[in-house]
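One structure below.
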Amino acid sequence: MYLGQCVERTQSDELFDNPLHPYTQALLAAIPVPDLSARNRPQNIIRGEVTSPVNPKPGCRFAARCPKVRPECSVEDIGLKEVSPGHFVACILY
Numbered sequence: 002m003y004l005g006q007c008v009e010r011t012q013s014d015e016l017f018d019n020p021l022h023p024y025t026q027a028l029l030a031a032i033p034v035p036d037l038s039a040r041n042r043p044q045n046i047i048r049g050e051v052t053s054p055v056n057p058k059p060g061c062r063f064a065a066r067c068p069k070v071r072p073e074c075s076v077e078d079i080g081l082k083e084v085s086p087g088h089f090v091a092c093i094l095y
């Protein structure tokens, strides 16, 4: 869920093993790692301006901050699409 828009829905195991939406990927990458040897992994910092939650622009609400944004992401709302059995994602990439 990003600014009230569901971006991905699936079973929890599938979500952690195979996150598809760029926001889900960024959220999971932000989980602290207690293993010191794994702390050298690249950081996924979400950049850009947060869209107004009161008056959001058309399209994906994460588009202004998405590292994989395309022009069509800002045209119209992107609904959840089943990309594999039981795994739904609201992203133009799928």
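Counting from 2, one number per residue, gives the positions in the sequence shown under this note's numbering.
For every residue, glycine included, the Cβ atom is placed at its ideal position computed from N, Cα and C.
Q) residue 13 lies in the alpha helix (DSSP H); which residues open and close that run? A) In the sequence shown, counting from the first residue as 1, residue 13 sits at position 12. For residue 13, the uninterrupted alpha helix (DSSP H) run begins and ends at 13-18, by DSSP.
Q) For residue 24, which of helix, strand or coil comes out of DSSP? A) Locating residue 24 in the sequence shown gives position 23, where the first residue counts as 1. Helix.
Q: Would you kindly work out how many angstroms separate the C-alpha atoms of residue 86 and residue 26, rounded to a whole number?
A: By one-based count along the sequence shown, residue 86 stands at place 85. By one-based count along the sequence shown, residue 26 stands at place 25. Rounded to whole angstroms, residue 86 to residue 26 spans 20 Å at the Cα level.
**Q.** Cut-off 8 Å between Cβ atoms - residues of its own chain near residue 17, not counting five sequence neighbours on either side
**A.** Numbered from its first residue, the sequence shown carries residue 17 at position 16. Cβ neighbours of residue 17 within its own chain (closer than 8 Å, five residues either side excluded): 29.
Q.
With H, G and I counted as helix, E and B as strand and the rest as coil, what does DSSP make of residue 10?
A. Counting from one through the sequence shown, the residue named residue 10 turns up at place 9. Residue 10 falls in the strand class under three-state DSSP.
Q. Could you give the distance in angstroms between the alpha-carbon of residue 93 and the alpha-carbon of residue 38?
A. The residue labelled residue 93 in the question sits at position 92 within the sequence shown. The residue labelled residue 38 in the question sits at position 37 within the sequence shown. Those two C-alpha atoms are separated by around 35 Å.
Q) Roughly how many angstroms separate the alpha carbons of residue 88 and residue 80, rounded to a whole number? A) On the sequence shown, position 87 is the one that residue 88 refers to. On the sequence shown, position 79 is the one that residue 80 refers to. About 13 Å.
Q) How would you label residue 61, buried or exposed, when you count the other beta carbons within 10 angstroms and need 16 or more for buried? A) For the purposes of this step, residue 61 is taken as the residue at position 60 of the sequence shown. So residue 61 counts as buried.
Q) So residue 21 and residue 90 are in contact, right, with Cβ under 8 Å, and what is the actual spacing, rounded? A) As a working note, residue 21 is residue 20 in the sequence shown. As a working note, residue 90 is residue 89 in the sequence shown. 4 Å between Cβ atoms; contact.
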